[in-house]
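First up is the structure itself, then whatever we jot down about it.
2 protein chains.
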Amino acid sequence: MNFSSKLIEDAVKAFSSLPGIGKKTALRLVLHLLQEKEEVTASFVQAIGVFRADIKQCRVCGNISDADLCTICLDKARDHSTICVVENIRDLMAIESTGLYKGAFHVLGGVISPIDGVGPEQLNIDALAKRLNHGTIKEVIMAISPTIEGETTIYYLSKLLESKVPVITQIARGVSFGGELEYADELTLARSIADRVPYSVHTPSAG
Amino acid sequence: MNFSSKLIEDAVKAFSSLPGIGKKTALRLVLHLLQEKEEVTASFVQAIGVFRADIKQCRVCGNISDADLCTICLDKARDHSTICVVENIRDLMAIESTGLYKGAFHVLGGVISPIDGVGPEQLNIDALAKRLNHGTIKEVIMAISPTIEGETTIYYLSKLLESKVPVITQIARGVSFGGELEYADELTLARSIADRVPYSVHTPSAG
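One line per chain: the protein sequences are L and S, in this order.
Counting from 80, one number per residue, gives the positions in the first sequence under the numbering used here.
Counting from 80, one number per residue, gives the positions in the second sequence under the numbering used here.
Written out as structure tokens, the structure reads:
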């Protein structure tokens, strides 16, 4: 496509670098912004730029946060003696939107995957172990996608943490095996938290 | 959806204000930017912000341009005695990407539409009339979508310009009637430029 403008070309390239946005869609978005007042683009750019520059990680759980601690860690109405371990923020949001879980979270930032070069030291695991050192945590729920990498991560974590917490559970396998947690429907996801069972090393999928 | 972050919420709102982007897609884009390095977002924001602030209109034809004159008006290899009148930049780009047309353009910025309160004075028509005053233009091609408003605009322009230019043509109606020009396939669009016929007031669709 011939844009007759380097500025337009750069803007189209910027949009089409995002996942799921092709050149034609990118051009439509750029021409949409061109038609709107300049302030519309200014406030769009402002929101995206500020979000990325100012966003923080909660220093306790690794959730995204506007401040040092996230709204979930600061919420006194929640049960902070239960920690739900999730792979990423999308999974945390998915569980939050079921409205069923009222405990705390811990965001790993990924799962152990030797193929992708992700070992335990790349994940937010040390901070999780430290949270258990105080002895105030009664239960750790493994809400990790039931994939090979997820299973490996659950196994690793259960070995690491079993001496530090009375109960380690995993979410019920209502979620289909091999699937990604973030795409499960809310009902299935809610049930799988309600039906959580004690984690057993020898029969990881028995629950 | 509960975002637990005002910054994320604002960024999601910003993306979902764009046409064709819903809340779920917006969240996916925001979380994608969050995963990438901060510079990725910075350069994205830079490209979009700069484009909107610095983009100019070509002072001759009304095309978008990085400078005072657009690349088409500056191109000495093109035939500047033929002007192709289009409704908007999308239509200009569609014709340019056929690779067939080697003349100049004139972008109206819309069509006459009394219902939408768009009269001739809101469009880039004065500048078109002035371009014809020099007597160097041999042909004006009406490449305007064959809708009611498009027909009205073609009629208005032909009456206004007929004394100033030897030939007024319109693109062949290979484009289906009532359709929008920007969605025509390139072959149909290329043929409709090759098959252009003299404009006749009494039988506007006879060509």
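Glycine included, every Cβ here is placed at the ideal spot set by N, Cα and C.
Residue contact check for alanine 183 of chain L against chain S: no CB pair falls below 8 Å.
If you keep only unbroken beta strand (DSSP E) runs of at least 3 residues inside the stretch 114–173 of chain L, you get 158–165.
Contact annotation, tyrosine 278 of chain L with isoleucine 233 of chain L: C-beta distance approximately 7 Å; criterion of less than 8 Å satisfied.
Alanine 208 of chain L has its alpha-carbon roughly 13 Å from the corresponding atom of glycine 141 of chain L. Chain S places a beta carbon closer than 8 Å to that of histidine 111 of chain L, counting this residue as a contact.
Residue range 218–222 is occupied by the beta strand (DSSP E) that includes valine 219 of chain L. With fewer than 16 other beta carbons inside 10 angstroms of its own, tyrosine 262 of chain L counts as exposed. Here glutamate 175 of chain L is buried: its Cβ has 16 or more other Cβ atoms, across all protein chains shown, within 10 Å. Closest by C-alpha distance to glutamine 114 of chain L, out of S:Asn167, S:Pro245 and S:Asp154, is S:Asn167. Closest in alpha carbon position to alanine 90 of chain S, among L:Ser122, L:Asp154, L:Ile87 and L:Ala93, is L:Ser122. Taking C-beta atoms under 8 Å as the contact rule, threonine 161 of chain S and glutamate 241 of chain S fail to qualify, at a distance of about 16 Å.
When secondary structure is reduced to three states using DSSP, valine 190 of chain S falls in the coil class, being assigned neither helix nor strand. For histidine 111 of chain S, the closest C-alpha among the options L:Arg131, L:Val165, L:Gln125 and L:Lys103 is that of L:Arg131. In the displayed model, alanine 105 of chain S falls within a helix according to three-state DSSP.
Of the candidates S:Ala206, S:Ile191, S:Asn203 and S:Gly196, the residue whose Cα lies closest to the Cα of threonine 226 of chain S is S:Ile191.
Secondary-structure assignment with DSSP links proline 98 of chain L through no beta bridge to anything. Within the stretch 145–176 of chain L, Asp145, Cys149, Thr150, Ile151, Asn167, Ile168, Arg169, Leu171, Met172, Glu175 and Ser176 place their CB atoms closer than 9 Å to a CB of chain S, listed in sequence order.
Looking at the backbone, the Cα of glutamate 117 of chain S and that of isoleucine 127 of chain L are separated by about 11 Å. The beta carbon of glycine 101 of chain L does not come within 8 Å of any beta carbon belonging to chain S, so the residue lies off that interface. Relative to the Cα of alanine 269 of chain L, the nearest Cα in the group L:Tyr235, L:Ile151, L:Asp158 and L:Asp170 belongs to L:Asp170. With its beta carbon at least 8 Å from every one in chain L, asparagine 203 of chain S lies outside the interface. Taking all protein chains in view, the Cβ of alanine 183 of chain L is crowded by 16 or more other Cβ atoms within 10 Å, so the residue is classified as buried. Remark: C-beta atoms of alanine 222 of chain L and cysteine 137 of chain L do not approach each other more closely than 8 Å. Residue nearest to isoleucine 204 of chain L within the set L:Ile194, L:Gly196 and L:Val186 is L:Val186 (criterion: CA-CA distance). Classified as exposed, glutamate 265 of chain L has fewer than 16 neighbouring CB atoms from the shown chains inside 10 Å of its CB.
Boundaries cannot be given for threonine 226 of chain S, as no alpha helix (DSSP H) includes it and DSSP labels it neither H nor E. Distance check between aspartate 145 of chain L and each of S:Lys238, S:Leu86, S:Leu153 and S:Asp154 places S:Leu86 closest, using alpha-carbon atoms only. The C-beta of asparagine 212 of chain S comes no closer than 8 Å to any C-beta of chain L.
For the pair glutamate 200 of chain L and alanine 206 of chain L, the Cα-to-Cα distance works out to about 11 Å. Collapsing the DSSP output to three states places isoleucine 272 of chain L in a helix. Proximity of chain L to arginine 107 of chain S at the Cβ level (cut-off 8 Å) is accounted for by Pro98 and Gly99, in chain order. Within the stretch 231–251 of chain L, contact with chain S at the beta-carbon level (separation under 9 Å) is assigned to no residue. Alanine 173 of chain S is classed as buried because its beta carbon has at least 16 other beta carbons within 10 Å across all chains shown.
Between the C-alpha atoms of arginine 275 of chain L and leucine 97 of chain S there is a straight-line separation of about 40 Å. By the 16-neighbour rule on beta-carbons within 10 angstroms, glycine 229 of chain L is buried. With its beta carbon at least 8 Å from every one in chain S, glutamate 218 of chain L lies outside the interface.
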